[in-house]
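J.: One structure, as structure tokens, below. Some questions next.
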Amino acid sequence: MDNKDFEKNSIDDILKDFQAKRDSREKSDYVPVNVEPPKPRADFAKDEIKQPKPDKEVNKPKIELKKIDFSPLKSDKAKGVYKYLIIIVLIIAVFFAAVFGIGNMIKSSKTSYIKKYEKKYTDVSFPDGIEEKYCELYGKNPNTCGYLKIDDIDLSSPVLKKADGKGTPYLEKSAKGARVDNFVVYLNDDSLEKYYSSVDSYNNSASGFISFSDLKTDYNFKVIGAFYTNTKASDDNGYVFPYNVTEQMEPSSALEFYTMLHYRFLYNTGASPIRSDKLITISCPTSYHKDFRFVVVGVARDDDKKFTASPKKLIRYPQVICDEKGIRNHFASAKPWHPQIVITAEKDNTTTTKIIDTK
């Protein structure tokens, strides 16, 4: 073998050896096709990407905001509010129960004395609110509706619902559903006239006071005036002054009524009643004129200071008196006055108020 052939063979061997080593290195670096590529960085915004589980599980709380239940917090607040509301309601309920309970106890204690009279007078039904001092009187005569005391004539007497034919004072009847603002009492005694028929007798002889009770409340009345009135319409141009209206009047009627009284009073005491006042009217027989009445009027007051009477220049007398005295009747052309009264009726828990003309 010559040198050329030797060199050629040597070079070929070297190349083959190099190629074999390269192929061996490439095989060691070869990656099979079915091997998964490296997983990318986890995207926590995507639920579909699953993170590899750690080899060992660690007990860590899982925070999922969308699944956090805040209802316990709301429930606690609600329970707190409900608790306070229930407490408030219970306090209010207890308060009203106590108030009504105490009220009923007081009412019961105030009327407990009636029981012994109900046992004594088994056929008598005593009115609610009657004072104990009148129970015996009422038990003996259920026709009793008041008690009258006038020191001027030494009168202390029960007042009846209607005349008994024995001269006992009796009260004018009131319409059902009306509030009584004027207690009208009829006497069968004319002795009161001498104490209240003139300025002199009022100031020097009269006590100026009348006591009356409707069996539930005691009133102290101060006499504010007196007048004469006809009972026959023919004695005053076909008109009889309705002084004996007992019911509460409509406001304008009440004002007109006080004005009518003022014109008729035989003297002036300076008293000016208002609609909320309680009045008493004592109607007495008189010899002043046939078919006339002498009427004394008082207003409820708490004080014991007597009014002072003073003369009047103008007094409204019935027409027949003006004719007999030969004096002018300044009220002859006045329209007949009749008041409107207030009637309240309750039906089906509804209160209805009506204005009734007394004409």
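With the numbering used here as the guide, the letters of the sequence shown map in order to residues -14 to 344.
Where a beta carbon is used, it is the ideal one built from N, C-alpha and C, also for glycine.
Which word fits D342, buried or exposed, when buried means at least 16 other C-beta atoms lie within 10 angstroms of its C-beta?
T.: Exposed, because fewer than 16 other Cβ atoms sit within 10 Å of the Cβ of D342.
J.: In this structure, what does DSSP give as the bridge partners for Q325?
T.: In DSSP, Q325 forms a bridge with D342.
J.: Pick helix, strand or coil for G124, following the three-state DSSP scheme.
T.: G124: helix per DSSP, three-state reduction.
J.: Thinking E232 and D289 are a contact (beta carbons under 8 Å), I'd like their distance in whole angstroms, please.
T.: Rounded, the Cβ-Cβ distance is 29 Å, inconsistent with contact.
J.: Excluding the five sequence neighbours on either side, which residues of its own chain have a C-beta within less than 6 Å of the C-beta of Q325, listed in chain order?
T.: Answer for Q325: E235, S238, I340 and D342, listed in chain order.
J.: Identify which residue in P143, F111 and F279 has its Cα closest to the Cα of G420.
T.: The structure shown has nothing for residue 420, since the chain only spans -14 to 344.
J.: Which runs of the alpha helix (DSSP H), 4 residues or longer, sit entirely within the segment 165 to 219?
T.: Listed in chain order, they are 178 to 181 and 184 to 189.
J.: Measure from the alpha carbon of A256 to the alpha carbon of each residue in F80, R301 and A285, then state which is nearest.
T.: Checked all of F80, R301 and A285; the closest Cα to A256 is A285.
J.: Helix, strand or coil: which one does DSSP assign to A239?
T.: DSSP places A239 in helix when its eight states are reduced to three.
J.: Three or more C-beta pairs closer than 8 Å, one from the segment 251 to 268 and one from the segment 200 to 214: is that the case here?
T.: These segments touch.
J.: Going by the DSSP bridge assignment, what does T337 pair with across the sheet?
T.: For T337, which the question treats as bridged, DSSP gives the partners A330.
J.: Considering only the alpha carbon of each residue, which of F242, V169 and V74 lies closest to R260?
T.: Checked all of F242, V169 and V74; the closest Cα to R260 is F242.
J.: State yes or no: is the C-beta of V169 within less than 9 Å of the C-beta of N229?
T.: Cβ distance < 9 Å, so V169 and N229 count as in contact.
J.: When we look at the beta-carbon of V18 and count the other beta-carbons within 10 Å, is it buried (16 or more) or exposed?
T.: Model confidence at V18 stands at a pLDDT of 47, short of 50, so the residue's coordinates are unreliable and nothing is read from them.
J.: Would you give the residue range spanned by the beta strand (DSSP E) that Y132 belongs to?
T.: First-last of the beta strand (DSSP E) with Y132: T129 to I135.
J.: Is the segment 294 to 303 in contact with the segment 182 to 199, if contact means three or more CB pairs nearer than 8 Å?
T.: Result yes; three or more Cβ-Cβ pairs closer than 8 Å.
J.: D276: which of V282, L75 and S268 sits nearest, CA to CA?
T.: Answer by Cα proximity: S268.
J.: Can you give me the start and stop residues for the alpha helix (DSSP H) that I267 sits inside?
T.: Premise fails: I267 lies in the beta strand (DSSP E), L264 to P270, not in any alpha helix (DSSP H).
J.: Smallest Cα separation from L172: which of P154, A163 and R164?
T.: Considering only alpha carbons, the answer is P154.
J.: My output table needs one value for E309: the three-state DSSP class, helix, strand or coil.
T.: Helix, per DSSP.
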